[in-house]
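A.B. asks: Before anything else, here's the structure in question.
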Amino acid sequence: MSDPAPPLPSKKLYIETVGCQMNVLDSELVVSQLRSEGYELTDDPGQADTILYNTCSVRQHAEDKIYSALGRIKHLKRGRPDVSIGVLGCMAQKDQKQILHRAPHVDVVAGPGQLGRVSELLEAAKREGRPQLAVSLARNAGKTLEVLDSFPTFDPDRGPAEPTPRGATPFQAFVRIQMGCDKFCTYCIVPSVRGPEQGRPPGLIVEEARRLVGQGVREITLLGQTVNSYKYNHGDGRTSRLSDLLAALHDLDGLLRLKFVTNFPLDMTDDLLQAVRDLPKASRYLHVPAQSGCDAVLKRMKRLYTVDQYDEMMARIRETVPGVAVSSDFIVGFCGETEESFGKSVELVRRSRFKNSFIFKYSPRAGTKADDRFDDDVPEEVKRRRNGLLLAEQTAICREDNLPFVGRAVEVLVEGPSKAAGRQGESDGPGGVTQMTGRTTCDRIVVFTGNRRQAGHLLPVVVEDVSAVTLFGRVLTTESAPSPGPEAALS
Ligand code: SAH
Ligand code: SF4
Ligand code: F3S
Numbered sequence: 102m103s104d105p106a107p108p109l110p111s112k113k114l115y116i117e118t119v120g121c122q123m124n125v126l127d128s129e130l131v132v133s134q135l136r137s138e139g140y141e142l143t144d145d146p147g148q149a150d151t152i153l154y155n156t157c158s159v160r161q162h163a164e165d166k167i168y169s170a171l172g173r174i175k176h177l178k179r180g181r182p183d184v185s186i187g188v189l190g191c192m193a194q195k196d197q198k199q200i201l202h203r204a205p206h207v208d209v210v211a212g213p214g215q216l217g218r219v220s221e222l223l224e225a226a227k228r229e230g231r232p233q234l235a236v237s238l239a240r241n242a243g244k245t246l247e248v249l250d251s252f253p254t255f256d257p258d259r260g261p262a263e264p265t266p267r268g269a270t271p272f273q274a275f276v277r278i279q280m281g282c283d284k285f286c287t288y289c290i291v292p293s294v295r296g297p298e299q300g301r302p303p304g305l306i307v308e309e310a311r312r313l314v315g316q317g318v319r320e321i322t323l324l325g326q327t328v329n330s331y332k333y334n335h336g337d338g339r340t341s342r343l344s345d346l347l348a349a350l351h352d353l354d355g356l357l358r359l360k361f362v363t364n365f366p367l368d369m370t371d372d373l374l375q376a377v378r379d380l381p382k383a384s385r386y387l388h389v390p391a392q393s394g395c396d397a398v399l400k401r402m403k404r405l406y407t408v409d410q411y412d413e414m415m416a417r418i419r420e421t422v423p424g425v426a427v428s429s430d431f432i433v434g435f436c437g438e439t440e441e442s443f444g445k446s447v448e449l450v451r452r453s454r455f456k457n458s459f460i461f462k463y464s465p466r467a468g469t470k471a472d473d474r475f476d477d478d479v480p481e482e483v484k485r486r487r488n489g490l491l492l493a494e495q496t497a498i499c500r501e502d503n504l505p506f507v508g509r510a511v512e513v514l515v516e517g518p519s520k521a522a523g524r525q526g527e528s529d530g531p532g533g534v535t536q537m538t539g540r541t542t543c544d545r546i547v548v549f550t551g552n553r554r555q556a557g558h559l560l561p562v563v564v565e566d567v568s569a570v571t572l573f574g575r576v577l578t579t580e581s582a583p584s585p586g587p588e589a590a591l592s
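Read in order, the letters of the sequence shown are residues 102 to 592 in our numbering.
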C-alpha cells in the first residue's frame with residue numbers, strides 16, 4: 102500500500118463579499134477552490150495569510166466601502182508583509198490598474214471572468230514578488246467571440262461529494278444559468294464588468310443541481326442578470342428556455358423549491374408564467390424590477406419598455422399565477438427625474454402592490470451612457486427624500502398585504518434558527534425548542550417556534566401575527582388545524 106499523501110500546509114483565508122447574489126456565488130466558488138488546495142476559512146482578518154475582497158461597482162457606495170477596507174488593511178500588511186491581498190470581481194474589472202495605484206499593497210486584481218485563476222495568481226504574486234492583474238477584454242476591445250472567450254465559465258462541478266459552505270444555509274444553493282448582460286441600461290455598469298450575456302448549457306446546470314441536491318440542498322435559486330432572457334442554442338435547431346430548465350430541474354428527487362432572479366420585464370413570457378403556475382416546486386415569486394414609473398425616465402434609462410407594457414405584464418402575471426408575489430427595484434433621482442416623474446413611480450408602487458421593493462439613489466458610473474450623456478441633476482437631498490417617500494409607500498403596502506395572512510396556513514420551507522436564536526443553540530429551550538425561520542412559496546419570511554431538526558423540511562404553519570416584513574406563526578399539527586375553508590388553503 103502506498104503512503105497516504107502528506108497533509109497540505111494549512112493557509113488561512115479571509116474573504117469579504119459585497120454586491121449581488123452573483124458575487125455571493127462567486128465567493129463561494131473561490132473558497133471551494135482554495136479549500137481544495139489546503140486553505141482554511143477564518144473570520145478574523147488578523148489571523149489570515151490571504152485576504153480577499155470580492156467587490157461590486159454598481160453604486161459608488163459599494164466601491165467606497167472596499168477602498169476604505171483596503172486603506173485599513175495597509176497597516177496590517179506593513180506589520181505582516183507575507184499576507185497576500187486580493188481584489189476580485191466587478192470593481193477589479195472596472196478599475197484594473199487604478200486599484201494598484203490607489204492601494205499598492207494589493208497583490209492580486211482579478212475580474213469576475215478570471216476567478217478560476219485566483220490561486221494561480223496568488224502564487225505568481227508571491228513567486229515573482231509583484232502584483233498580478235487579470236481582467237477580461239472590454240466590450241469593444243475585440244470581436245464578439247474574443248470578448249466572450251475572455252470571460253470563461255467559472256462554474257465547476259463544485260468537487261466531489263464533499264459538502265462546502267454554499268450560502269445562507271446548507272439547504273440553499275445558487276446555481277448560475279447565465280453570465281453577463283446585453284441590455285445596456287444607460288445607468289448600469291454590469292454589462293461592461295460582467296461581459297456579454299451567455300447561457301450555460303442546460304445539461305451542466307442540471308448536473309450541478311443534481312449534485313447539490315445529493316449533498317442535501319433543498320432549495321435552488323437560479324441566477325442571471327436577466328434570468329428570464331435565458332436561452333441556450335443546442336446547435337441542432339433546439340433551443341432551451343428558462344421554462345424548459347425549470348421543468349427539467351423539477352424532476353430532481355429531493356429538491357423542494359426552485360427560484361430564479363432577476364427577471365427583465367419584456368422577457369416575462371407566458372411559457373415561463375405557466376411553468377411557475379404548473380410546477381409545484383417553483384416558488385410563486387417573481388423579482389421583476391421596474392426602475393421607474395415614468396415613460397420619459399424609462400426611455401432615458403433605455404429600459405426598452407413603457408409603463409403601459411409593465412402594467413400589462415403585471416396583469417398577465419396576476420392572471421396566470423394566482424397568489425404570486427412580485428418584487429421590484431427602483432432608482433430614484435435618475436438624471437432629469439422631476440417631482441412629477443417621481444410621482445409616477447409612487448403611483449406604480451401603489452397600483453402594483455409589490456411584495457417588496459429595493460430602492461436606490463442614482464449613482465453615476467463612469468463609462469456608462471447616462472454618465473456620458475446626462476447631467477446628474479437631482480441633488481443628493483432630493484434623492485434621499487424621494488428614497489424615503491417611496492420606501493414608506495412600499496412599507497405601508499407590505500403591511501397591508503401581509504395582514505390577510507393572519508389565520509391562514511402557509512407551507513414553509515424551513516431555513517434554520519432565526520438570528521435571535523443564534524447558530525449554536527445554547528439558548529434552546531427544553532426538547533430543543535427555539536425560534537426558527539423559513540419562507541413561504543411566495544417568498545415571505547415566516548418566524549415560528551420549532552426546533553433545529555426541522556431545517557430543510559416543508560412544514561405547515563398557521564400565521565398568528567404579521568409585520569411589514571415577517572409573518573409570525575406556529576406549526577400546524579393535526580390537533581390544532583383550523584377548520585378547512587378558503588382561509589386555510591396552503592399559500
Ligand atoms: N440585472 C438586474 C440587477 C442589476 S443591479 C436587473 O436588471 O434588474 C441591481 C439594481 O441596482 C438594479 O435593478 C438597479 O435598480 C440598481 N442600479 C443599477 N445601477 C445603478 C446605478 N448606477 N445607481 C443606482 N442604482 C443602480
Ligand atoms: Fe444592468 Fe439593465 Fe443588465 Fe440589469 S438589465 S444588469 S440593470 S444593464
Ligand atoms: Fe455589483 Fe457586479 Fe453584482 S457590479 S451588483 S457585484 S454583477
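Even for Gly, the Cβ is constructed at its ideal location relative to N, Cα and C.
Which parts of the stretch 149-230 are runs of the alpha helix (DSSP H), unbroken and 4 residues or longer, counting only runs that do not cross its ends?
C.D. replies: 161-180, 191-196, 198-203, 219-229
A.B. asks: Under 8 Å, do TYR168 and ARG203 count as touching if we go by C-beta distance?
C.D. replies: yes
A.B. asks: Between GLU263 and the rest of its own chain, which residues show a CB-CB distance below 7 Å, the 5 nearest in sequence each way excluded?
C.D. replies: In this prediction, GLU263 has a pLDDT of 49, which is less than 50 and means its spatial position is unreliable; what the coordinates show is noted afterwards. Nothing meets the Cβ criterion.
A.B. asks: Would the C-beta of PHE475 count as close to the ligand SF4, meaning under 7 Å from any of its heavy atoms?
C.D. replies: For the ligand SF4, not one heavy atom lies less than 7 Å from the Cβ of PHE475.
A.B. asks: Where does LEU353 fall in DSSP's three states?
C.D. replies: Under the three-state reduction of DSSP, LEU353 is assigned to coil, being neither helix nor strand.
A.B. asks: Rounded to whole angstroms, what is the Cα-Cα separation between PHE252 and SER133?
C.D. replies: 20 Å
A.B. asks: Quick one: what's got a C-beta closer than 6 Å to PRO261's C-beta in the same chain, skipping five residues either side?
C.D. replies: Residue confidence for PRO261 is low, a pLDDT of 46 falling below 50, so the modelled location carries little weight; the figure read from the coordinates is stated next. Closer than 6 Å at the Cβ level, and outside the excluded window around PRO261, lies no residue.
A.B. asks: Going straight from the alpha carbon of ASN552 to that of ALA522, what length do you get?
C.D. replies: 10 Å
A.B. asks: Only counting runs of 3 or more residues, tell me where the beta strand (DSSP E) segments fall wholly within the stretch 468-526, in order along the chain.
C.D. replies: 510-518
A.B. asks: Whose C-alpha, out of ASP165, ARG160, ARG509, is nearest the C-alpha of VAL563?
C.D. replies: Minimum Cα distance to VAL563 is reached at ARG509.
A.B. asks: Going by DSSP in three states, PHE285 sits in which element: helix, strand or coil?
C.D. replies: coil
A.B. asks: Is it the case that the CB of ASP430 approaches a heavy atom of the ligand SAH more closely than 7 Å?
C.D. replies: Of the heavy atoms belonging to the ligand SAH, at least one sits nearer than 7 Å to the Cβ of ASP430.
A.B. asks: With distance defined between alpha-carbon atoms, name the residue in LEU514, ARG545, THR541, ARG554 nearest to ASP529.
C.D. replies: ARG554
A.B. asks: When you compare each of THR439, VAL307, VAL236, MET402 to LEU356 by their alpha carbons, which one comes out closest?
C.D. replies: VAL307
A.B. asks: Over the uninterrupted beta strand (DSSP E) stretch that includes MET537, give me the two end residues.
C.D. replies: 534-540
A.B. asks: Have a look at GLY120 and ALA163 and give me their C-alpha separation to the nearest angstrom.
C.D. replies: 7 Å
A.B. asks: List the endpoints of the continuous beta strand (DSSP E) containing GLN233.
C.D. replies: 233-235
A.B. asks: Does the beta-carbon of LEU99 have 16 or more other beta-carbons within 10 angstroms, so that it is buried, or is it exposed?
C.D. replies: Examination of residue 99 is not possible in this model, given that the chain is present from 102 through 592 alone.
A.B. asks: Taking just the CA atoms, how far does VAL507 sit from LEU234?
C.D. replies: Taking the straight line from one Cα to the other gives about 55 Å.
A.B. asks: For PHE595, which of helix, strand or coil comes out of DSSP?
C.D. replies: The structure shown has nothing for residue 595, since the chain only spans 102 to 592.
A.B. asks: Name the two residues that bound the continuous alpha helix (DSSP H) containing ASN552.
C.D. replies: Here ASN552 belongs to no alpha helix (DSSP H); instead the beta strand (DSSP E) covers 546-552.
A.B. asks: Roughly how many whole angstroms lie between the Cα atoms of SER584 and GLY532?
C.D. replies: In this prediction, SER584 has a pLDDT of 45, which is less than 50 and means its spatial position is unreliable; what the coordinates show is noted afterwards. Between SER584 and GLY532, the C-alpha separation is close to 29 Å.
A.B. asks: Could you give the distance in angstroms between the alpha-carbon of PRO271 and the alpha-carbon of GLY315?
C.D. replies: 12 Å
A.B. asks: Specify, as a first and last residue, the run of the alpha helix (DSSP H) that LYS400 falls within.
C.D. replies: 396-402
A.B. asks: Once you ignore the five residues that flank PRO587 on each side, which residues in its own chain have a CB closer than 8 Å to its CB?
C.D. replies: Note that PRO587 scores 40 on pLDDT, short of 50, meaning its location in the model is unreliable; the coordinates nonetheless yield the value given after this. So the list is empty, once near-sequence residues are dropped.
A.B. asks: Would you list, in sequence order, the uninterrupted beta strand (DSSP E) runs of no fewer than 3 residues that lie entirely inside the stretch 401-439?
C.D. replies: 426-433
A.B. asks: Figure out for me which residue from TYR115, GLY214, ARG301 has the closest Cα to the Cα of ALA170.
C.D. replies: TYR115
A.B. asks: Taking the C-alpha atoms as reference points, what is the distance between VAL207 and LYS178?
C.D. replies: 9 Å
A.B. asks: Across which residues does DSSP place ASN334 in a beta bridge pair?
C.D. replies: THR340
A.B. asks: In terms of DSSP beta bridges, what is MET280 paired with?
C.D. replies: MET280 pairs with GLN299.
A.B. asks: Any heavy atom of the ligand SAH closer than 7 Å to the CB of GLN148?
C.D. replies: no
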